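See structure below.
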Amino acid sequence: MNGYGKYFGKKIGWYLVTFLFAVVLNFALPRMMPGDPVAGIAAQTTQGVTNTAAAEKIYKEYAEKFGVDKPVYVQFLKWAGNALRGDLGVSFSQYPRPVADILKSSMGWTLCLQLPAILIGWLLGNMLGAIAAYVKKGFDKIILPVFLFISNIPAFGMAVILLFIFSLRLGWFPSSGGYGYDLIPNFSWTFIRSVVAHYQLPFWSIVLTTIGAQAIGMRSMAIYELNADYVKYSRFLGIHDRKIVRYVFRNAMLPQITGLAMSLGTMMGGALVSEIVFSYPGIGTTMMAAIKGQDYPLLSACTLIITLMVLVANLVVEILYGLIDPRIKASQMD
Amino acid sequence: MNTIRQVFRSAKFVTGFVIFIAIILLTILFPLFITYDPLDVVGNGNFYPPGTYISQKDTIKANPYELRIALKQSNVGDSLKTDELDKIKEWLTQYGGMGKSEVQDADAESLIVMWTDKYNPSKRFRGMLASEQKYYKRLNQKLTELLTDKDIIIAEQDENNELKEKSKVKSSDFVNLKEISNKRTLVLGTDNFGRDVLRELVSATTTSLRIGLIAGVVATAIGLTLGLLAGYLGGFIDDLILFITNLFTVIPSFVLLILISYSVGQKQRGVGLVALIIGITSWTWTTRAVRSQVISLRNRDHVNLSKLSGHSSFKIIMTDILPYIASYVVMAFILQVSSGILSEAQLSMLGLGPATTSTATLGLMMNWAMLYSAHLNGSWWAYFPVLFMIAMISFSLNLMNTGLDQVFNPQLRD
Amino acid sequence: METYMLEVQDLRTKYVTRFRENVYAVDGVSLKIKEGKSIGIAGESGCGKSTLALSLMGYYFPPLHYISGDIIIDGKNISKLKPDTIRKRILGKEIAYIPQAAMNALNPTQKIIRFIEDVIHAHHPDATKKDIYDIACERFEILGLPRSVLEKHAVELSGGMKQRTVIAISTILSPKVLIADEPSSALDVTSQKMVIKMLRELMEKEYIKVMIFITHELPLLYNVTDDILVMYAGQIVESGTAKQMVFDPLHPYSKGLMGSIIVPEEGVRDHQLTAIPGTPPSLKNPPKGCRFAPRCPYAAPVCSSMEVPDIELPNGRHYRCLMSERKIREV
């Protein structure tokens, strides 16, 4: 087996194990708390329900779902089996809508918002950081403190600031939702325009937050690389600065890619919360609704989906990384 | 000692340190001078804007001074409500023959000028409801009163329930602010519950710092212990700890945080517990850093010497390893504190923050502002100061961390 | 008049530290090398020998700064050229460098052949990839390196192989001057021997005209170079043929340096093992008079007040000490 195959196989195996572990945690955590989970959660759920028949039904559903009389592993297998088939239960707060149905739409919104935003923010941030490291004087002195400060504004904070300036004060963009509240999703021109307009503020708030942190990381990586021995050596062989800069940025980029994989979870967490500020119809907002509505099945499905998305994204990043960095291949050879 | 001096020579560290100390001093000194309860409900409505509030009764009772100052006309505009201004705009476009664009961006003052120019109270307008005709008449009345310099008569009820003139307030009458005893300056206005935002902010900062500190201590303790064990003992224990650490690095801690916070239930979630939960979900960085440092230290000469001299593992760790990784641990701790504060804010935004009515946290303040749509109705004072505080805390902590990093990893110096 | 391939006259350079202090690491160094000859420069770490290596290239960037002096390669004075010109015309082509830590001298994410392409393109922009590949193959084969190295990344090579690859790359354009800064210090004995054999081969095949070999191991130079210079605190304190320097050092510091060698190589006279007491002086404020005086066992009061001239003996040796040749031999 060649180096790449071995590397990819290992990675995929490892992520499968991690996912399994995450699923177990997702199942176990709420059940590890003291007290009868069915009574506890069902009582919470039925708090606002005046219809006794509905409350009864919810309770029964819960008891059946939890299968408290059966051994734990049977409960788990049943739960996991259902989840695998896409049956994530029925939402309490939006009864009788199935959880999978709610998530299907919000997942699309979140993916379309966060994936491009994080990627573009990452790219722009790295470019700026590289420039800051290379130009240094002046540019670095102004840009760096600004980015240092910006990177410390949490994603939801950036969301609020953009909302205040560009929606409330300037009125350039709508303040909330994924599309005009008076529209029904379709493929008309008006609808698409409305979606694009609503997309801007959440998108840029994520991009800006990502840029700050990435720029700083890239800058120090690039400075570190600029002082590396191979840079000096290449200079002494008369190689043009432009070429050397290319070496440096390529090499500085590599740890940034691993960094992306490592911090993807945190970045998504922040971005999910900034969805709430804009009432963007993604998973973040759904999750808040689930928490508010004491909707356990919906919340647990949300966390499961987030975990899955982070893991898949991580896996993709690591596989790409393996293809780019020759050191990975070399390390698998021996 | 020498290292400490070196650390304080780093401009970044010093800047961060000064800001952080300033914030700490604020949380300590402020309550000493402003002693009322931070969660006192001051205002009887939501989101009073920042400013000095003085008792209206006091101004009437206070001794008037006649000043020869030209009064600003814009006061008139201020005393009109927005819906009244909208109504004026509506009338001007429909009956006053003004263009929409002319009216749309005009300020209150010029609107009033247009209004007095066009409106004729004795004229009836076709197609207008009678109630609306009356409304405009009343509005005109109000405007005329505001515009004319009529004295305001202060009357008192006598025993026969009849109003008797007591005094007149002329438009040239002023009161001296110093003579008014009932006043309150709300530098940052009030929040949705009518609490003083500034006072609340200081108390929330204290609580959030405490949360960050507890979370940081917990995370560092767990991370340090696991990292030391894994790095020093090696072998199977290292493999096991590394495996667990990798698991928890990849599974987003955000997700764990939500699951655990939700599972403990609304009632149990106090400030301490939330801090604890944040701590036990964020130790992985410290573990990794400590482990790799310990591994590189493990085979150094001074450690081997200690081993040969028969020192116990505990003693070796305490005297030959800990001092060498102290800088990393401190740096990780600083980051944990800052991320702990941020985690609390995010949890609270989701509605999983500390369930407490007795203290505020920075996250809860954001959450309340959000729930009461402060971000949509322009009450900037309810969330901008909070955001600024969060950003300043994490800015100062990160600066300190970068400063330390540059001192201890000199190749990063620029 | 004799012609020299490399001539350096009174070269002075300095480092500027983070705290804006000047460190005069090369303080008035002169040397001359004829075509086909090699010289070794020896000294303790911190004596300025690595800085001298960098300074000799004529290309300065912070924190290293040029102060004064001339560097003349084959009759051409390069110390007055613009940095860009030096980079384009001199570095890699006329004068080449082998760095101290070859371990990290190669870009870890680049294939060796790609790097060679960049090196050659920097001086011959029109060279085609195929030409370059052929040149590289030929040179690698002559120098006893497997052709397969070209298609590898630096991380896939062993330490010794990496060092030899670096040497091959540095000399691929057949520069007139090769400066090797401790090329073998970090290697095991076998690899060291291979590196030295390779350097000799480069000289024999005339791929390089002169070589400067820098090391802290004086006896190593005996087998490698024709002449040896001993450097102390930014200055050359003694120079002579390898044989003279190893078997008959004059300057008290050279004597000490020979004495502090732990494992003398075969053929090198068995010096008594004695470490030189004290540490080299700080080059921020070099001591007045003889710089070695504070550590010198034979120092007289006059040593630390009077500037020491460079004394040339009839047999061509130079040394920098107030004592006469006879007196030195007596003590």
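If you read the protein sequences in the order shown, they are chains A, B and C.
Numbering of the first sequence is given in our numbering, commencing with residue 1 and proceeding in unit increments.
Numbering of the second sequence is given in our numbering, commencing with residue 1001 and proceeding in unit increments.
Numbering of the third sequence is given in our numbering, commencing with residue 2001 and proceeding in unit increments.
Heads up, the beta-carbon is just placed ideally off N, CA and C, and yes, glycines get one too.
All of these numbers come straight from a predicted model, not from anything done at the bench.
Item	Value
Gln2244/C by DSSP, collapsed to three states: which one?	helix
9 Å is my cut-off, CB to CB: does Asp229/A come that close to chain C?	yes
Quick one: which chain A residues come within Cβ less than 7 Å of Val1250/B?	Thr18, Leu311, Asn314
Measure from the C-beta of Val248/A to each C-beta in chain B and report whether the shortest distance is under 9 Å.	no
Is there a Cβ of chain A sitting closer than 9 Å to that of Tyr1383/B, yes or no?	yes
Gly171/A to Pro1049/B, Cα distance in whole Å?	21 Å
Counting along the chain, where does the alpha helix (DSSP H) carrying Phe2140/C start and finish?	2129 to 2142
Name the chain A residues that come within less than 7 Å of Gly1351/B, Cβ to Cβ?	Met288, Ile291, Lys292
Do you know whose CA, among Pro202/A, Val17/A, Tyr179/A, Gln200/A, lies nearest Ile192/A's CA?	Tyr179/A
Less than 9 Å between CB atoms is the rule here; does Thr1287/B satisfy it with respect to chain E?	Of the protein chains in this structure, namely A, B and C, none is chain E.
Check whether the stretch 2160 to 2180 of chain C and the stretch 2197 to 2210 of chain C touch, using three or more Cβ-Cβ pairs below 8 Å as the test.	yes
Report buried or exposed for Tyr1036/B, applying the criterion of at least 16 other Cβ atoms within 10 angstroms of its Cβ.	exposed
Which residues in the same chain as Pro1385/B place their Cβ atom closer than 8 Å to its Cβ, once the five residues preceding and following it in sequence are excluded?	Leu1188, Val1197, Leu1198, Leu1201
So Gly265/A contacts chain B; which residues on that side make the cut at Cβ distance below 9 Å?	Thr1249, Val1250, Ile1251, Pro1252, Ser1253, Phe1254, Val1255
Just to confirm before moving on: does the CB-CB distance between Ile2113/C and Glu2201/C stay below 9 Å?	no
Going by beta-carbon coordinates alone, are Gly2240/C and Arg2291/C separated by less than 9 Å?	no
Since Gln2387/C sits in a beta bridge, which residues does DSSP pair it with?	In this structure chain C extends from 2001 to 2331, so residue 2387/C is not present and cannot be described.
Can you pull the chain A neighbours of Glu1395/B, defined as C-beta to C-beta under 9 Å?	Reading off the sequence shown, one finds Phe at residue 1395/B, where the question assumed Glu. Residues of chain A passing the Cβ test: Leu148, Phe149, Ser151, Asn152, Ile153.
Indicate the three-state DSSP secondary structure (helix, strand or coil) for Pro2252/C in the structure shown.	helix
Buried or exposed for Gly13/A, going by 16 or more other Cβ atoms inside 10 Å?	exposed
Where do the ends of the alpha helix (DSSP H) carrying Val207/A lie?	189 to 226
Specify the secondary structure class of Leu315/A as computed by DSSP and reduced to three states.	helix
Report yes if the CB atom of Ile1278/B is closer than 9 Å to the CB atom of Ala1215/B, and no otherwise.	yes
I need the straight-line Cα distance from Tyr1136/B to Glu1102/B, nearest angstrom please.	20 Å
Name the residue from Met2203/C, Asp2248/C, Tyr2232/C whose alpha carbon lies nearest to the alpha carbon of Leu2283/C.	Tyr2232/C
Please report the straight-line C-alpha distance between Pro2252/C and Lys2082/C, rounded to a whole angstrom.	40 Å
In the structure shown, what three-state DSSP assignment does Cys2321/C receive?	coil
Would Leu2056/C be called buried (16 or more neighbouring beta carbons within 10 Å of its own) or exposed?	buried
If we ignore side chains and look at the alpha-carbon of each, how far apart do Leu2064/C and Arg1009/B end up?	24 Å
State the Cα-Cα distance for the pair Thr190/A and Ile1244/B, rounded to the nearest angstrom.	50 Å
Does the beta carbon of Glu225/A fall short of 8 Å from some heavy atom of the ligand GTP?	The ligand GTP is absent from the structure shown, which contains no ligands of any kind.
Mapping DSSP to helix, strand and coil, what is His240/A?	coil
So is Lys1081/B buried or exposed if we call it buried at 16+ other beta carbons inside 10 Å?	exposed
If you scan the stretch 1173 to 1216 of chain B from start to end, which runs of the beta strand (DSSP E) of 3 or more residues do you find wholly inside it?	1183 to 1186
Buried or exposed: Ile1028/B, going by 16 or more other Cβ atoms within 10 Å of its Cβ?	exposed
Using the beta-carbon of each residue, which ones in chain C are nearer than 7 Å to Tyr233/A?	Pro2099, Ala2105
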